[in-house]
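J.: Chain order of the listed sequences is V and R.
Each residue of the first sequence is one higher than the one before, counting from 0 in numbering that gives the first Met the number 0.
Each residue of the second sequence is one higher than the one before, counting from 0 in numbering that gives the first Met the number 0.
2 protein chains.
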Amino acid sequence: MGTEIQEIAGKARMAKRNLRSAGSAAKDQVLELVAESLVKEQDELLTANAKDLAAGKKKGLSAAMLDRLKLNPERISDMAEGVREVIRLPDPVGEITRMSTRPNGLQVGRMRIPLGVILIIYEARPNVTIEAASLCLKSGNAVILRGGAEAIRSNLALGKILSASLKKVGLDPHCVQVLATTEHKAVDELLKLDEYIDLVIPRGGEELIRKVVELSRIPVLKHYKGVCHIFVDRAADLEKAKAICLNAKVQRPAVCNAMETLLVDEPIARKFLPEMSALYKKAGVELRGCKRMLAVVPGAQPATEADWYAEYLDLILAVRVVDGLEPAIAHIQKYGSDHTEAIITEDYSRAMEFVRRVDSSSVMVNASTRFSDGFQYGLGAEIGISTSRIHAYGPMGLEELTISKFVVLGRGQVREK
Amino acid sequence: MGTEIQEIAGKARMAKRNLRSAGSAAKDQVLELVAESLVKEQDELLTANAKDLAAGKKKGLSAAMLDRLKLNPERISDMAEGVREVIRLPDPVGEITRMSTRPNGLQVGRMRIPLGVILIIYEARPNVTIEAASLCLKSGNAVILRGGAEAIRSNLALGKILSASLKKVGLDPHCVQVLATTEHKAVDELLKLDEYIDLVIPRGGEELIRKVVELSRIPVLKHYKGVCHIFVDRAADLEKAKAICLNAKVQRPAVCNAMETLLVDEPIARKFLPEMSALYKKAGVELRGCKRMLAVVPGAQPATEADWYAEYLDLILAVRVVDGLEPAIAHIQKYGSDHTEAIITEDYSRAMEFVRRVDSSSVMVNASTRFSDGFQYGLGAEIGISTSRIHAYGPMGLEELTISKFVVLGRGQVREK
Numbered sequence: 000m001g002t003e004i005q006e007i008a009g010k011a012r013m014a015k016r017n018l019r020s021a022g023s024a025a026k027d028q029v030l031e032l033v034a035e036s037l038v039k040e041q042d043e044l045l046t047a048n049a050k051d052l053a054a055g056k057k058k059g060l061s062a063a064m065l066d067r068l069k070l071n072p073e074r075i076s077d078m079a080e081g082v083r084e085v086i087r088l089p090d091p092v093g094e095i096t097r098m099s100t101r102p103n104g105l106q107v108g109r110m111r112i113p114l115g116v117i118l119i120i121y122e123a124r125p126n127v128t129i130e131a132a133s134l135c136l137k138s139g140n141a142v143i144l145r146g147g148a149e150a151i152r153s154n155l156a157l158g159k160i161l162s163a164s165l166k167k168v169g170l171d172p173h174c175v176q177v178l179a180t181t182e183h184k185a186v187d188e189l190l191k192l193d194e195y196i197d198l199v200i201p202r203g204g205e206e207l208i209r210k211v212v213e214l215s216r217i218p219v220l221k222h223y224k225g226v227c228h229i230f231v232d233r234a235a236d237l238e239k240a241k242a243i244c245l246n247a248k249v250q251r252p253a254v255c256n257a258m259e260t261l262l263v264d265e266p267i268a269r270k271f272l273p274e275m276s277a278l279y280k281k282a283g284v285e286l287r288g289c290k291r292m293l294a295v296v297p298g299a300q301p302a303t304e305a306d307w308y309a310e311y312l313d314l315i316l317a318v319r320v321v322d323g324l325e326p327a328i329a330h331i332q333k334y335g336s337d338h339t340e341a342i343i344t345e346d347y348s349r350a351m352e353f354v355r356r357v358d359s360s361s362v363m364v365n366a367s368t369r370f371s372d373g374f375q376y377g378l379g380a381e382i383g384i385s386t387s388r389i390h391a392y393g394p395m396g397l398e399e400l401t402i403s404k405f406v407v408l409g410r411g412q413v414r415e416k
Numbered sequence: 000m001g002t003e004i005q006e007i008a009g010k011a012r013m014a015k016r017n018l019r020s021a022g023s024a025a026k027d028q029v030l031e032l033v034a035e036s037l038v039k040e041q042d043e044l045l046t047a048n049a050k051d052l053a054a055g056k057k058k059g060l061s062a063a064m065l066d067r068l069k070l071n072p073e074r075i076s077d078m079a080e081g082v083r084e085v086i087r088l089p090d091p092v093g094e095i096t097r098m099s100t101r102p103n104g105l106q107v108g109r110m111r112i113p114l115g116v117i118l119i120i121y122e123a124r125p126n127v128t129i130e131a132a133s134l135c136l137k138s139g140n141a142v143i144l145r146g147g148a149e150a151i152r153s154n155l156a157l158g159k160i161l162s163a164s165l166k167k168v169g170l171d172p173h174c175v176q177v178l179a180t181t182e183h184k185a186v187d188e189l190l191k192l193d194e195y196i197d198l199v200i201p202r203g204g205e206e207l208i209r210k211v212v213e214l215s216r217i218p219v220l221k222h223y224k225g226v227c228h229i230f231v232d233r234a235a236d237l238e239k240a241k242a243i244c245l246n247a248k249v250q251r252p253a254v255c256n257a258m259e260t261l262l263v264d265e266p267i268a269r270k271f272l273p274e275m276s277a278l279y280k281k282a283g284v285e286l287r288g289c290k291r292m293l294a295v296v297p298g299a300q301p302a303t304e305a306d307w308y309a310e311y312l313d314l315i316l317a318v319r320v321v322d323g324l325e326p327a328i329a330h331i332q333k334y335g336s337d338h339t340e341a342i343i344t345e346d347y348s349r350a351m352e353f354v355r356r357v358d359s360s361s362v363m364v365n366a367s368t369r370f371s372d373g374f375q376y377g378l379g380a381e382i383g384i385s386t387s388r389i390h391a392y393g394p395m396g397l398e399e400l401t402i403s404k405f406v407v408l409g410r411g412q413v414r415e416k
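(1) Would you say the segment 246-261 of chain V touches the segment 222-232 of chain V, given that touching needs at least three Cβ pairs under 8 Å?
(2) Identify each residue in the segment 205-218 of chain R for which the Cβ-Cβ distance to at least one residue of chain V is less than 7 Å, and report them in chain order.
(3) Consult DSSP for D187 of chain V and reduce its assignment to one of helix, strand or coil.
(4) Does DSSP put I117 of chain V in a helix, a strand or coil?
(5) Since F370 of chain R meets chain V, which of its residues come closer than 9 Å, beta carbon to beta carbon?
(6) Beta carbons nearer than 9 Å to chain V: which residues of the segment 226-254 of chain R have them?
(7) Evaluate R111 of chain V with the Cβ neighbour count: other Cβ atoms within 10 Å of its Cβ, from every protein chain shown; 16 or more gives buried, anything less gives exposed.
(8) Per DSSP, which one or two residues make a beta bridge with T96 of chain V?
(9) Name, please, each residue of chain R whose Cβ falls closer than 8 Å to the Cβ of G377 of chain V.
(10) For V38 of chain R and P172 of chain R, I'd like the C-alpha separation in whole angstroms.
(11) Expressed to the nearest angstrom, what Euclidean distance is found between the alpha-carbon atoms of R319 of chain R and Y308 of chain R?
(12) Name the two residues that bound the continuous alpha helix (DSSP H) containing H330 of chain V.
(13) How is G383 of chain R classed by DSSP in three states: helix, strand or coil?
(14) Heavy atom of the ligand PLP less than 7 Å from the Cβ of A302 of chain R, yes or no?
(15) Taking the C-alpha atoms as reference points, what is the distance between L198 of chain R and L70 of chain R?
(16) Cα separation between R269 of chain V and K26 of chain R?
(17) Kindly list the residues whose CB is nearer than 6 Å to the CB of A327 of chain V, restricted to its own chain and excluding five residues on each side of it in sequence; keep chain order.
(18) For the segment 349-365 of chain R, which residues have a beta carbon sitting closer than 9 Å to at least one beta carbon of chain B?
(19) For a quick check, are the C-beta atoms of P113 of chain V and V127 of chain V less than 8 Å apart?
(20) If we cut at 8 Å on Cβ distances, does H222 of chain V have a partner in chain R?
(21) When the Cα of L316 of chain V is compared with those of V:L157, V:A282, V:V142, which residue comes out closest?
(22) Between L266 of chain V and V186 of chain V, what straight-line distance do the alpha-carbon atoms span, to the nearest angstrom?
(23) Could you have a look at G176 of chain R and say whether DSSP puts it in helix, strand or coil?
(24) What first and last residue would you give for the alpha helix (DSSP H) that runs through P394 of chain R?
(25) What is the DSSP secondary structure of G377 of chain R, reduced to helix, strand or coil?
(26) Quick check: what's the CA-CA separation for D306 of chain V versus S23 of chain V?
(27) When the Cα atoms are used, what is the spatial distance from P125 of chain R to S367 of chain R?
(28) Quick check: the Cα distance between G212 of chain V and V219 of chain V, rounded to an integer number of angstroms?
(29) Taking contact to mean at least 3 C-beta pairs separated by less than 8 Å, is the segment 280-295 of chain R in contact with the segment 187-194 of chain R?
(30) Quick one: is G169 of chain R near chain V, going by C-beta distance under 8 Å?
(31) Would S23 of chain V count as contacting chain R if we go by Cβ distances under 8 Å?
(32) Would you mind sorting A277 of chain R into buried or exposed? The rule is 16 or more other CB atoms within 10 Å of its CB.
(33) Residues of the segment 52-84 of chain V in Cβ contact with chain R at a cutoff of 7 Å, in chain order, please.
(34) At the 8 Å Cβ level, is G393 of chain R part of the contact set with chain V, yes or no?
(35) Can you tell me whether G225 of chain R is helix, strand or coil according to DSSP?
(36) Please state the DSSP three-state secondary structure of P125 of chain V.
Written out as structure tokens, the structure is:
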């Protein structure tokens, strides 16, 4: 297995050079072919997907899992549209920034280049295969894709389309490689190859990600979970607060930027919490509160210590009454996950203080945590979210799949000392 | 040992928050006190250093190693001046960039914040202790310093000055911690603590760095070696080429940005190489050439395959005649270390092609590779050089010790879908 895996990584490394010398036009041409082929060759895709679905049913996958796995003509056409959106993004590679002239006349600046080879490890949804591959190709990176075992036939069929499209444009088909094996050992081997692979992005459950971090010799960009907080300050506009707190919890509870803990400033708790609780009740949200919350909203569940750490991803919310900004920040620092936190307030100083002091990857004033997303931020795409404070922090777009090299333009300068 | 080490990392993590809420003025005040104390308390420093030197002699350290270890009043005053230079740099923390307004009226931008806790592992020179600590403090990071065993007494004495200065300004003295133990196990333990430490920077020999990468669960910024190339193109101004090639090899051969391999374009080899070789001979440089080089410069050593990979760090140079730009780039891609490469040419298209295609961390036209350095690039400082294509690539200054979080300013927006 070792040699085989090393061969895959070695091919990716060669392919990255081939992709590097291709211009934007060639990369976009590949993506256009991918978008076309997805629709044209959908019968083959659907056949492969049907086999995955049948195997999944036999294995006893949940209905939700089977739904995530399922492809149909509509979903395939959405995938193709997603690829076309990536085509329309500007190519980040080659941009020169911060060119300035040193006292000795040297011009020193930075030029954006691809990272090189990216390994993406993800779970059952086959659309991630196309999404990740298009973003990596657009940014000039070779990519090795390792999806979930449940989707292996669908992913290999998608991989075939990707390689064929590369080939048609005269590029190395190994720019995108879908791992054919579902053995765990294959990933373990890949994670040791730091001389071939520049970055690993695991997307999935906390357990998967922790395992990747533990085994990897290659830098990993990841977020374990999103325990997002909203702090409703005493100077909040309560109408705004109610709309935002409702939206952040119920609009799509199963995603990482949904609110999991609501912190309410003591002076407004008596007014705000009963009104908010009524809205949550109507929306089917179960509340788990601290003692002071329970005093104001009788009948809610008492929260345990574990609730403050919890990422429910469900219609459940932990609620705590705090005495102002300082304890709110202290709570976030202790229990937070560095994902997204918001303050709701009309007070300028406290808004600015919250923004300055809370160092989560997204910090908001008077907005729903649900906006924490590459598309919403105008990055044009999102390959994932990082809560590691290295390379990228927060939603990662195309630019985060690149790095800058230094470019130095001289006219014969030598160094004196 | 485990608990003790975890305690150190835990203290650093608490200290980073304390440092985060301190403003620029407090950080600069600490650094000013450090600069003053270095000179005022130099007797204590020199005593500690003398013990290190005595132990080193007993242990049979080389004269060069002992020299690197040695402190004297002049070197101490240089260290203090270095700290004052860091004070004069702008504080990178808090800078807001790229603030733009989304169609829904949300303002989305990025704010620069410290990475958090940095672990620096280095070898015998005690001045690295002060240099690294000042850059980490200035950028708002807590730092754990682990120097070489040979310098342990000097480093602990420097650590005392750093902690005392923090304390005097009312900051947590654990913002800088010099590891008191020289056991290797301590580092192994630290490298597992990815929940406490955000970045590891190893500075030293390739073996040390490889060990750190292998053991670390924390992202590592490093460069293994600097095998820097200069390609003298057929359209080079030979006077510039001679000056640059001499400078890049002999001005300071023991550093990572010195040239190790010279690539000469075939059409000019017959004219350029004899003249260049004469200059090298005068400077005491030993040449190891390919067959075509030996044909033009009789008497030089033949190069073996190992010479193309070699980082001599000495007055030795590998020389190869190549047939134009393509084979030059291919040679660099095969044998290079992603550190620094230069082309010498007056041809516009080939200069631009070299800059575009060679993705080393520094790419130069008509300049000595010796300029590849944070100070020379105007970064104001240098904490190290990275050839990892993640977070930072090339010389790292203060800014590379920071990351940006997203800041989102709203007026009550909620997400529709």
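Ideal Cβ placement from N, Cα and C applies to all residues, glycine included.
T.: Let me lay it out:
(1) A contact exists between the segment 246-261 of chain V and the segment 222-232 of chain V.
(2) V212, E213, R216, P218
(3) Residue mapping note: residue 187 of chain V aligns to position 188 of the first sequence, counting from 1. If DSSP states are grouped into helix, strand and coil, D187 of chain V belongs with the helices.
(4) The residue you call residue 117 of chain V lines up with position 118 of the first sequence. Strand at I117 of chain V.
(5) Translated into positions along the second sequence, residue 370 of chain R becomes position 371. Per Cβ cutoff of 9 Å: R101, N103, L105, V107, V407, G409, Q412, V413, R414.
(6) D236, E238, K239, A240, A242, I243, L245, N246, A247, Q250, R251
(7) Translated into the one-based positions of the first sequence, residue 111 of chain V becomes position 112. Buried is the call here.
(8) Residue mapping note: residue 96 of chain V aligns to position 97 of the first sequence, counting from 1. According to DSSP, which records beta bridges pairwise, T96 of chain V is partnered with V:R109.
(9) Residue 377 of chain V sits at position 378 when you count from the first residue of the first sequence. S99, R101, V107, listed in chain order.
(10) The sequence position of residue 38 of chain R within the second sequence is 39, counting from 1. The sequence position of residue 172 of chain R within the second sequence is 173, counting from 1. In a straight line, the C-alpha of V38 of chain R is about 20 Å away from that of P172 of chain R.
(11) By 1-based counting over the second sequence, the position of residue 319 of chain R is 320. By 1-based counting over the second sequence, the position of residue 308 of chain R is 309. Those two C-alpha atoms are separated by around 13 Å.
(12) For the purposes of this step, residue 330 of chain V is taken as residue 331 along the first sequence, with counting starting at 1. Element bounds for H330 of chain V: 324-334.
(13) As a first step, residue 383 of chain R must be located in the second sequence, where it is residue number 384. Residue state, collapsed to three classes: strand.
(14) Inclusion of the ligand PLP in the displayed structure is not the case, the ligand content being empty and no account of it being possible.
(15) As a working mapping, residue 198 of chain R is identified with position 199 in the second sequence. As a working mapping, residue 70 of chain R is identified with position 71 in the second sequence. One C-alpha to the other measures close to 29 Å.
(16) Sequence index remark: in the first sequence, residue 269 of chain V carries index 270 (1-based). Sequence index remark: in the second sequence, residue 26 of chain R carries index 27 (1-based). Cα to Cα, the separation comes out at about 42 Å.
(17) By 1-based counting over the first sequence, the position of residue 327 of chain V is 328. Its chain contains F230, L262, V321 as the residues whose beta carbon lies nearer than 6 Å to that of A327 of chain V, once the 5 sequence neighbours on both sides are disregarded; these appear in chain order.
(18) Absence of chain B from the displayed structure is noted, the protein chains being V and R.
(19) For the purposes of this step, residue 113 of chain V is taken as residue 114 along the first sequence, with counting starting at 1. For the purposes of this step, residue 127 of chain V is taken as residue 128 along the first sequence, with counting starting at 1. Contact: no.
(20) Locating residue 222 of chain V in the first sequence gives position 223, counting from the first residue. So no, H222 of chain V is outside the interface.
(21) Here the question's residue 316 of chain V lines up with position 317 in the first sequence. It is V:A282.
(22) In the first sequence, the residue the question calls residue 266 of chain V occupies position 267. In the first sequence, the residue the question calls residue 186 of chain V occupies position 187. Here residue 266 of chain V turns out to be Pro, not Leu, going by the sequence shown. Cα atoms of P266 of chain V and V186 of chain V: separation of roughly 53 Å, rounded to the nearest angstrom.
(23) If you number the second sequence from 1, residue 176 of chain R lands on position 177. Note that residue 176 of chain R corresponds to Gln in the displayed sequence, not to Gly. In this structure, Q176 of chain R counts as strand in the three-state DSSP scheme.
(24) By 1-based counting over the second sequence, the position of residue 394 of chain R is 395. It is not in any alpha helix (DSSP H) - P394 of chain R instead sits in the beta strand (DSSP E) that spans 391-395.
(25) Position 378 of the second sequence, counting from 1, holds the residue named residue 377 of chain R. Note: G377 of chain R maps to coil in three-state DSSP.
(26) Counted from its first residue, the first sequence places residue 306 of chain V at position 307. Counted from its first residue, the first sequence places residue 23 of chain V at position 24. D306 of chain V and S23 of chain V: Cα-Cα distance of roughly 49 Å.
(27) Against the second sequence, residue 125 of chain R aligns to sequence position 126. Against the second sequence, residue 367 of chain R aligns to sequence position 368. Approximately 29 Å, taken between the alpha carbons.
(28) Taking the first residue of the first sequence as position 1, residue 212 of chain V is located at position 213. Taking the first residue of the first sequence as position 1, residue 219 of chain V is located at position 220. The sequence shown places Val at residue 212 of chain V, rather than the Gly named in the question. In this model, V212 of chain V and V219 of chain V are separated by some 7 Å (Cα to Cα).
(29) no
(30) Against the second sequence, residue 169 of chain R aligns to sequence position 170. No - not a single Cβ of chain V is within 8 Å of the one on G169 of chain R.
(31) The residue labelled residue 23 of chain V in the question sits at position 24 within the first sequence. Output row for S23 of chain V: interface = no.
(32) For the purposes of this step, residue 277 of chain R is identified with residue 278 of the second sequence, where counting begins at 1. Flag for A277 of chain R reads exposed.
(33) For the segment 52-84 of chain V, the set of positions with a beta-carbon nearer than 7 Å to some beta-carbon of chain R is empty.
(34) For the purposes of this step, residue 393 of chain R is identified with residue 394 of the second sequence, where counting begins at 1. Chain V, which has a Cβ nearer than 8 Å to the Cβ of G393 of chain R, makes this yes.
(35) The residue you call residue 225 of chain R lines up with position 226 of the second sequence. In this structure, G225 of chain R counts as coil in the three-state DSSP scheme.
(36) By 1-based counting over the first sequence, the position of residue 125 of chain V is 126. Coil, per DSSP.
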